[in-house]
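Participant: Pasting a structure here, questions to come.
There are 2 protein chains.
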Amino acid sequence: MTQSRRTLPPLNALRAFEASGRRLNFRAAAEELGVTQGAVAQQVRALEDQLGLRLFLRLSRGLALTAYGTSYLADVSRAFDTLAEATGRLLDRPETVTISVTPTVATKVLIPRLAELYAALPDIDLRTVATEALSDFDRDQVDIAVRLTRPPFPANLQAQLLFRQELVAVASPHLVKGLTLPLTGEELRKLPLLHDSHDHWRVLLQSREKLPGATFNHTTLALDAALAGQGVVLACRAFVTADLEAGRLVRVTEETATIGPDYFLVRKRSSSPRKAVDAVWDWCATRLSLP
Amino acid sequence: MTQSRRTLPPLNALRAFEASGRRLNFRAAAEELGVTQGAVAQQVRALEDQLGLRLFLRLSRGLALTAYGTSYLADVSRAFDTLAEATGRLLDRPETVTISVTPTVATKVLIPRLAELYAALPDIDLRTVATEALSDFDRDQVDIAVRLTRPPFPANLQAQLLFRQELVAVASPHLVKGLTLPLTGEELRKLPLLHDSHDHWRVLLQSREKLPGATFNHTTLALDAALAGQGVVLACRAFVTADLEAGRLVRVTEETATIGPDYFLVRKRSSSPRKAVDAVWDWCATRLSLP
DNA sequence: TGCCAGACTGTAGAAAATCTACTGGATACG
DNA sequence: CGTATCCAGTAGATTTTCTACAGTCTGGCA
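Next up, the structure:
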């Protein structure tokens, strides 16, 4: 078997034989394979030559299989069917699309819209992977990512801007009850400030010093704290839109600061686009960007 | 299915994947396939690219199959096994060798030596086809032929002289009982002459006229008539050697006439010689030629 | 009968796929 | 740390494959 693996006939010639045997006509087989009649005839001739026997009888009008050809065709067809089925299964596998996002994007942007995604693309099984950083599309079997990045992008990546980091200062309405909004800088500094690992307060307040206040390693945690009335958090507008609309948070100043880098939808360019990935990509591009 | 036949991945890439998956090492797979490591890696990369998913995890030291790779490998291996088995069956088929000869050669030369052939090559199953003319090696699935022909031969044919047409006049000893051998031309003309379709008597006797006597459409029939004492036949020495040695026939004159064309062993040149055919060819070349 | 259409064969040159030969990066092992 | 052994990636060479076209053969048709 190992032996015969090495002496397998040219596979493309086998494919030509299989098609020709099914159609009993080189021209039809050629059409099916997308080549010319001569190419198929040549391949089959080479195969017969290598095997040292005729697979077809050449009739004046078409082909007929020899006894050898008939039995060989049955086996070869079976093998190609196996390959076709296996490949089909591989490609038609449950349309799982894996999206890799930061924890904050997951909590604040993606998860709230999952129901909508499911309604729009019911056949797609989305796997959400929340990690701080994406190491490798292939290794992690990730189809699409949302990442904080900036151009230029490597040629093998496709990237589309989702939203910029438009920072707004927000707090629970309970925290600022009795104060007039927007707050002045003076008033703001008196409130507890909540920090995430990006520490954008210094940018917004143009402060050189380290500002006091609780620190969280994920923006989403700082936001949770803000929702709980524990302070004012500076967050990307995209992450708080829903909470603002629902009145769970309020903007405490009118200032905004847009800083880089930006949130991009990213994927690897592939020569064989998967429909499900395309669909999720398109959905993300429209629904995850700010209106 | 017809659909997926068209979208089958590149077959050579599948073969590279199969070997790599078995060995879990591109270099080993490359060696098995007789190419370089780069070639295999390239093929596998192209396959993964087309399928749009990773089949292998590239580890620092070798490869590991992904989940997709594992299940795909099983199916692809199965398909290649099918092909290998089918091809093996086709090539290891009972070693039938077909030899096409004229009826006379069959009766007088080949069949008397079949036992010897079987003793020399017991694993070979010889199929003897006796026909007046050979139309087509391929069409008739003929491996070797013995034919009356003359050079030059087409480049795709291999030919080897077996024996020339050395005509001798023979008769049953009963027919010439009482006569002194060799006969004179005079005496010869008084005996019944047996004719086959070649009608060589006119050559030997330098006769312009049509000579009288029974006519047979095969030399072998004329010889049978001679054996039965019905006349004198002019036949190729090669066809009567055994009967002469056994005393069933005697030469009635000492004259011989060698005429063209000659008997040649002929076969089609093939890029994939079959051992059994080679063996029969060699046997014929030595055993069927005159000593 | 003569001729055309449609089938395959065979071949030379063009086009494409594949391979080789490297360079380079990563990791395990002593 | 240096060495050996993986795999990745690339450019150019090589080989394979395809196309285009000329030939041959045969059946059907006027």
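Chains as they are written, first to last, in UniProt numbering: chain A, 1 to 291; chain B, 1 to 291.
Backbone N, C-alpha and C define an ideal beta-carbon position, used for all residues, glycine too.
A quick note: this is a predicted structure, and the numbers were derived from the prediction, not measured.
1. Could you check whether the Cβ of B/Pro9 sits closer than 8 Å to any Cβ belonging to chain A?
2. Would B/Thr36 be called buried (16 or more neighbouring beta carbons within 10 Å of its own) or exposed?
3. Can you tell me whether B/Leu65 is helix, strand or coil according to DSSP?
4. Does B/Glu18 pass the burial test, meaning 16 or more other C-beta atoms within 10 Å, or should it be called exposed?
5. How big is the Cα-Cα spacing for B/Thr220 and B/Asp92?
6. If the cut is a Cβ gap below 8 Å, which residues of chain B does A/Arg15 touch?
7. Which word fits B/Gln160, buried or exposed, when buried means at least 16 other C-beta atoms lie within 10 angstroms of its C-beta?
8. With a threshold of 8 Å between beta carbons, is A/Leu157 in contact with chain B?
9. Which residue marks the beginning of the alpha helix (DSSP H) containing B/Asp243, and which one marks its end?
10. Mind checking A/Gly178: buried by the 16 CB within 10 Å criterion, or exposed?
11. Which residues in chain A have a C-beta closer than 7 Å to the C-beta of B/Arg274? List them in chain order.
12. Can you give the Cα-Cα distance for B/Leu117 and B/Val129, rounded to whole angstroms?
13. Could you check if B/Thr131 belongs to the surroundings of the ligand SAM, using beta carbon to heavy atom distance under 7 Å?
14. Skipping 5 residues on each side, what residues in its chain have a beta carbon closer than 7 Å to that of A/Tyr72?
15. Taking 8 Å as the CB-CB cut-off, is B/Leu265 touching chain A?
16. For A/Ser100, which three-state DSSP category applies?
17. Assuming A/Ala214 contacts A/His195 under a Cβ cut-off of 8 Å, what Cβ separation, rounded to an integer in Å, is found between them?
18. For B/Tyr72, go through chain A and note every residue whose CB falls closer than 9 Å to its CB, in chain order.
19. Is the distance from the Cβ of B/Gly62 to the Cβ of B/Leu24 below 8 Å?
20. Alpha carbon to alpha carbon, how far is B/Leu162 from A/Glu48? Give it in angstroms, no decimals.
21. Can you give the Cα-Cα distance for B/Asp143 and B/Ala120, rounded to whole angstroms?
22. When you compare only the Cα positions, how much space is there between B/Asp123 and B/Val97?
23. Check the C-beta distance from A/Ala235 over to A/Val176 and give it rounded, since I have them as a contact under 8 Å.
Facilitator: Taking the geometry as given:
1. Interface residue, yes.
2. Burial is judged here by how many other beta carbons sit within 10 angstroms of a residue's own beta carbon; B/Thr36 has fewer than 16 and is exposed.
3. Shown here, B/Leu65 sits in a strand according to DSSP, grouped into three states.
4. Classification of B/Glu18: buried, given that the 10 Å Cβ count is 16 or more.
5. Each residue's alpha carbon lies about 36 Å from the other.
6. Neighbours of A/Arg15 on chain B, chain order: Leu8 and Leu11.
7. Under this definition B/Gln160 is an exposed residue.
8. No, no contact with chain B.
9. Arg237 to Glu245 is the extent of the alpha helix (DSSP H) around B/Asp243.
10. The residue is exposed, with fewer than 16 neighbouring Cβ atoms inside 10 Å.
11. Residues of chain A passing the Cβ test: Gly52.
12. B/Leu117 and B/Val129: Cα-Cα distance of roughly 16 Å.
13. No copy of the ligand SAM appears in this structure; indeed no ligand is present at all.
14. These residues qualify, in order along the chain: Leu55.
15. By this cut-off, B/Leu265 is not an interface position.
16. Looking at A/Ser100 - three-state DSSP - the assignment turns out to be strand.
17. Contact holds; Cβ gap of about 7 Å.
18. Near B/Tyr72 (Cβ distances below 9 Å), the residues of chain A are Ala86, Thr87, Arg89 and Leu90.
19. A contact, by the Cβ cut-off of 8 Å.
20. In this structure, the alpha-carbon of A/Glu48 lies about 29 Å from that of B/Leu162.
21. If I take the Cα positions, the gap works out to 19 Å.
22. Taking the straight line joining both Cα atoms gives about 11 Å.
23. Contact doesn't hold; Cβ gap of about 16 Å is too wide.
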